[in-house]
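**Q**
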Amino acid sequence: MANEDLLSLADRVQLLVNAIADGTDHWPVAKIFAPDGAATWLISEIDPDDPDRLFGLCDLGFGFPELGYVSLAELSALKGPLGLPVERDRHFVADKPLSAYAEEARVQGRIVA
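If you count by this note's numbering, then the sequence shown holds residues 9 to 121, one letter each, in order.
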């Protein structure tokens with residue numbers, strides 16, 4: 009899957025704006041998931057110095073979601089157990105800041121979005 013399929017130019021601009029803004033608790037811009045697995049990522053920022061480095065809530069499906077960084081190139085190349093590539097959830101619209109999703113994920117043991 010191409011990087012452009014996961015993040016549009018508008019997404020990248022918003023992720024960059026979030027990264028350089030004064031606040032630290034941004035709303036997720038994109039939800040990326042493995043359609044044939046339990047992995048999910050809520051992405052809120054992109055590293056201004058390295059556009060391959062994304063920040064957000066990462067859940068690999070093991071019951072321990074955490075805030076951290078992920079490589080866009082690695083996400084784009086990732087395939088699930090059935091060989092399906094990760095996808096962008098085109099219907100996802102954030103309704104709260106990343107910290108609220110993170111707290112909910114800690115309680116549930118997975119991202120609920």
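Glycine included, C-beta positions come from ideal geometry on N, C-alpha and C.
(1) Going by DSSP in three states, R118 sits in which element: helix, strand or coil?
(2) Do the region 42-58 and the region 99-119 make contact, defined as three or more Cβ pairs closer than 8 Å?
(3) Return yes when the C-beta of A102 is under 7 Å from any heavy atom of the ligand PLP, and no when it is not.
(4) Note down the Cα distance separating V115 from D30, rounded to an integer number of angstroms.
(5) Taking a contact to mean a Cβ-Cβ separation below 8 Å, would you say I40 touches L106 in this structure?
(6) Applying the criterion that 16 or more other CB atoms from any shown protein chain within 10 Å of the CB defines a buried residue, is L62 buried or exposed?
(7) By the DSSP assignment, the beta strand (DSSP E) with A38 in it spans what residues?
(8) For the alpha helix (DSSP H) that R20 lies in, which residues bound it at each end?
**A** This is what the structure holds:
(1) Walking along the sequence shown from the start, residue 118 turns up at place 110. Here R118 sits in coil by DSSP.
(2) yes
(3) Inclusion of the ligand PLP in the displayed structure is not the case, the ligand content being empty and no account of it being possible.
(4) The count along the sequence shown starts at 1 and reaches residue 115 at position 107. The count along the sequence shown starts at 1 and reaches residue 30 at position 22. Distance between the alpha carbons of V115 and D30: 28 Å.
(5) Counting from 1 along the sequence shown, the entry for residue 40 is found at position 32. Counting from 1 along the sequence shown, the entry for residue 106 is found at position 98. Contact flag unset, no.
(6) Within the sequence shown, residue 62 is the residue found at index 54, counting from 1. It is buried - the Cβ of L62 has at least 16 other Cβ atoms within 10 Å.
(7) Here residue 38 is taken as the residue at index 30 of the sequence shown, counted from 1. Here the beta strand (DSSP E) through A38 covers A38 to F41.
(8) To locate residue 20, count along the sequence shown from 1; it is residue 12. Per DSSP, R20 belongs to the alpha helix (DSSP H) from L17 to I28.
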